[in-house]
Amino acid sequence: SKIALAIHGGAGPDNEFIRANKKQYKDSLQRIANTGYRMLKKGEPAISVVRSVVSMLEDDPLFNAGRGSALNKDGDIEMDAAIMNGADLSAGGVALVTRARNPILLADQVRRHSSHLLLAGVGADNFAVQQHIPTVDCGYFVTEEQRRAWVENAIKQDHDPYAKSGG
Amino acid sequence: TVGAVALDQDGNLASTTSTGGTPGKAAGRIGDSCLIGAGCYADNATCAISGTGDGELLMKGLTGYSIAMMIDIRNMPIQEAAEQVIKNNKWEGDIGIIGIDGDGELAIYFNSQRMHRAWVDKYGKSEVHIY
Numbered sequence: 041s042k043i044a045l046a047i048h049g050g051a052g053p054d055n056e057f058i059r060a061n062k063k064q065y066k067d068s069l070q071r072i073a074n075t076g077y078r079m080l081k082k083g084e085p086a087i088s089v090v091r092s093v094v095s096m097l098e099d100d101p102l103f104n105a106g107r108g109s110a111l112n113k114d115g116d117i118e119m120d121a122a123i124m125n126g127a128d129l130s131a132g133g134v135a136l137v138t139r140a141r142n143p144i145l146l147a148d149q150v151r152r153h154s155s156h157l158l159l160a161g162v163g164a165d166n167f168a169v170q171q172h173i174p175t176v177d178c179g180y181f182v183t184e185e186q187r188r189a190w191v192e193n194a195i196k197q198d199h200d201p202y203a204k205s206g207g
Numbered sequence: 006t007v008g009a010v011a012l013d014q015d016g017n018l019a020s021t022t023s024t025g026g027t028p029g030k031a032a033g034r035i036g037d038s039c040l041i042g043a044g045c046y047a048d049n050a051t052c053a054i055s056g057t058g059d060g061e062l063l064m065k066g067l068t069g070y071s072i073a074m075m076i077d078i079r080n081m082p083i084q085e086a087a088e089q090v091i092k093n094n095k096w097e098g099d100i101g102i103i104g105i106d107g108d109g110e111l112a113i114y115f116n117s118q119r120m121h122r123a124w125v126d127k128y129g130k131s132e133v134h135i136y
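Chains as they are written, first to last, in our numbering: chain L, 41 to 207; chain H, 6 to 136.
Structure (structure tokens):
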């Protein structure tokens with residue numbers, strides 16, 4: 041029986057930070073992809089493998105998700121995540137999450153323990169507490185690199201209010 | 006944004022996507038990563054897809070579901086379906102996807118300057134790239 045796995049860490053314009061951290065990015069992607077593949081070889085179901093590897097990517101501050109998330113215009117953290125199981129078409133998503141340490145684990149709670157498809161904002165944060173998902177203070181998610189990018193963006197926008205907002 | 010797609014020993018597919026969103030986004034802006042059918046989709050009958058890039062494009066184009074429909078209705082191989090959907094999308098901007106089908110065929114495609122990606126294919130061969 042065939043098994044296979046792919047992961048990504050985002051797509052978009054190149055930048056100085058990426059060029060300066062190429063090796064760290066590649067080492068992290070390789071390590072996490074190999075971990076996921078080993079889980080598949082041991083017979084773990086695809087749904088728990090993709091949930092595990094994305095929570096590892098969320099924990100890595102190099103990537104724009106979980107710890108290392110980009111800051112919004114106000115300098116706040118608002119995270120989105122979703123999960124879907126091809127076996128039974130069950131799915132769950134969360135949006136504008138500010139507390140769950142791993143938004144993907146919260147999305148999976150929506151998939152398994154809610155009659156809804158998507159929970160957002162305060163409702164999603166409260167659901168994390170109800171479902172005993174680990175929550176942290178939102179300062180946990182903010183990295184020096186994202187703070188620096190936010191300041192740069194704010195200055196640019198200040199000088200040029202019509203500058204396209206990041207992304 | 007980060008994501009994963011996988012095919013397990015029982016032939017089941019799954020997909021996950023997670024993001025901090027677009028840097029400098031307006032408060033309250035929701036992206037494609039949490040929308041089933043846009044940045045995240047999985048159906049054993051067609052494929053599992055995780056998307057990234059300019060979220061507004063993946064939302065307007067329902068990228069994940071569109072790729073699955075190209076496979077289902079036109080019987081297109083997954084890589085070709087991914088390329089068709091991204092090349093033919095109606096708006097200017099960055100889109101990247103990773104995908105996998107029930108035969109373990111992978112689809113990796115992006116139109117941006119870079120996409121951080123790694124995979125282990127059905128032959129056990131692994132690769133990792135940024136550009």
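We treat Cβ as the ideally placed atom computed from N, Cα and C, and that holds for glycine.
Min CB distance residue i to chain H below 9 Å
| i | result |
| --- | --- |
| Asp54(L) | yes |
| Asp163(L) | Going by the sequence as given, residue 163(L) is Gly instead of Asp. Not an interface residue. |
| Asn104(L) | yes |
| Asn74(L) | yes |
Range of the contiguous alpha helix (DSSP H) that encloses residue i
| i | result |
| --- | --- |
| Arg119(H) | Note, Arg119(H): premise wrong, no alpha helix (DSSP H); beta strand (DSSP E) at Arg119 to Val125. |
| Leu80(L) | Lys62 to Lys81 |
| Phe115(H) | Phe115(H) -> not in any alpha helix (DSSP H); beta strand (DSSP E) instead, spanning Leu111 to Phe115. |
| Gly161(L) | Gly161 to Gln170 |
| Leu97(L) | Ala86 to Asp99 |
Where the beta strand (DSSP E) through residue i begins and ends
| i | result |
| --- | --- |
| Tyr46(H) | Cys45 to Asp48 |
| Ala121(L) | Met119 to Asn125 |
Close-in-space but distant-in-sequence residues of the same chain around residue i (CB under 6 Å, 5 per side omitted)
| i | result |
| --- | --- |
| Gly50(L) | Asn104 |
| Arg187(L) | none |
| Arg106(H) | A small correction: the amino acid at residue 106(H) is Asp; Arg does not occupy that position in the sequence shown. The answer, listed in chain order, is Cys52 and Ile83. |
Cβ shell of residue i (< 8 Å), same chain only, five flanking positions each side left out
| i | result |
| --- | --- |
| Asn112(L) | Glu118 |
| Gly8(H) | Ser20, Thr21, Thr22, Ser23, Ser38, Gly44, Cys45, Ser55, Gly56, Thr57 and Ile103 |
Assigned secondary structure, residue i (DSSP; H/G/I helix, E/B strand, else coil)
| i | result |
| --- | --- |
| Ala31(H) | coil |
| Ser205(L) | Low confidence applies to Ser205(L): its pLDDT is 48, below 50, so where it sits in the model is not reliable enough to give any reading. |
| Thr68(H) | helix |
Nonlocal neighbours in the same chain, by C-beta distance under 7 Å from residue i, ignoring five residues either side
| i | result |
| --- | --- |
| Ser71(H) | Val90 |
| Ile173(L) | Ala140, Leu145, Leu146 and Gln149 |
Minimum Cβ-Cβ distance from residue i to chain L less than 9 Å
| i | result |
| --- | --- |
| Asn17(H) | yes |
| Ile139(H) | No information on residue 139(H) is available, as it lies outside the stretch 6 to 136 that chain H covers here. |
| Trp96(H) | no |
| Lys127(H) | yes |
| Ala87(H) | no |
Proximal residues, the segment 55-79 of chain H versus chain L, C-beta separation under 7 Å: Answer set for the segment 55-79 of chain H: Ser55, Thr57, Gly58 and Asp59.
Under 8 Å (Cβ pairs) to chain H, residues found in the segment 108-126 of chain L: Gly108, Ser109, Ala110, Leu111, Asn112, Lys113, Asp114, Asp116, Ile117, Glu118, Met119, Asp120, Ala121, Ala122, Ile123, Met124, Asn125 and Gly126
Relative to chain H, which residues along the segment 140-162 of chain L have a C-beta separation below 9 Å, given in chain order? From the segment 140-162 of chain L, only Asn142, Pro143, Ile144, Ala147, Asp148, Leu157, Leu158, Ala160 and Gly161 have a Cβ closer than 9 Å to chain H.
Which of the residues in the segment 85-100 of chain L, read from start to end, lie with their CB under 7 Å from any CB of chain H? Taking 7 Å as the cut-off between beta carbons, the residues of the segment 85-100 of chain L near chain H are Pro85, Ala86, Ile87, Val89, Val90, Arg91, Val93, Val94, Leu97 and Glu98, in sequence order.
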